[in-house]
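Participant:
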Amino acid sequence: MDAITRDLQKPVPWKLLFADDIVLASEDRHELELQTQAWSDRMAQFGLRLNVKKTEYLTTDVNKNGTIKVNSTGLARTETFKYLGSTVT
Numbered sequence: 029m030d031a032i033t034r035d036l037q038k039p040v041p042w043k044l045l046f047a048d049d050i051v052l053a054s055e056d057r058h059e060l061e062l063q064t065q066a067w068s069d070r071m072a073q074f075g076l077r078l079n080v081k082k083t084e085y086l087t088t089d090v091n092k093n094g095t096i097k098v099n100s101t102g103l104a105r106t107e108t109f110k111y112l113g114s115t116v117t
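All residue numbers in the sequence shown are consecutive under the working numbering, ending with 117.
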């Protein structure tokens, strides 16, 4: 994954990669949407696909409405998620 996404990665801790599990982080919702779309596009170039049914986003600003979209499909918002066995809230 590192080899095909090297130019998309930013300094740690904004990306976490392990096998087919990826965490993208951003301080801005629009930037996160752009990053997510860029990763989806890059994966498609290599015959891979971002599963939007299994892809969620978490925000620390509970008062903000809206969603993040990938290929015009809105992603589910969650309050917690597990990454490699650790719960993030």
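All C-beta atoms, glycine included, are put in the ideal place defined by N, C-alpha and C. In this text, all values refer to a predicted model and were calculated from it rather than measured experimentally.
What do you reckon, are the CB atoms on Ser-68 and Asn-91 nearer than 8 Å?
Facilitator: Cβ distance not < 8 Å, so Ser-68 and Asn-91 don't count as in contact.
Participant: So is Ile-32 buried or exposed if we call it buried at 16+ other beta carbons inside 10 Å?
Facilitator: So Ile-32 ends up on the exposed side.
Participant: Could you name the residues of the same chain whose beta carbon sits closer than 7 Å to that of Phe-46, not counting the 5 residues immediately before and after it, in chain order?
Facilitator: Around Phe-46: Leu-112.
Participant: Take Tyr-85 as the anchor and find which of Leu-78, Asp-56, Gln-63 and Thr-106 has the nearest alpha-carbon.
Facilitator: With distances taken between Cα atoms, Tyr-85 lies closest to Thr-106.
Participant: Would you kindly work out how many angstroms separate the C-alpha atoms of Lys-82 and Glu-59, rounded to a whole number?
Facilitator: If you take the alpha carbons of Lys-82 and Glu-59, they lie about 20 Å apart.
Participant: Alpha carbon to alpha carbon, what distance is there between Gln-73 and Ser-114?
Facilitator: Computed Cα separation, rounded: 30 Å.
Participant: Just the Cα atoms here: how many angstroms apart are Lys-43 and Thr-108?
Facilitator: Using only the alpha carbons, I get a separation of about 17 Å.
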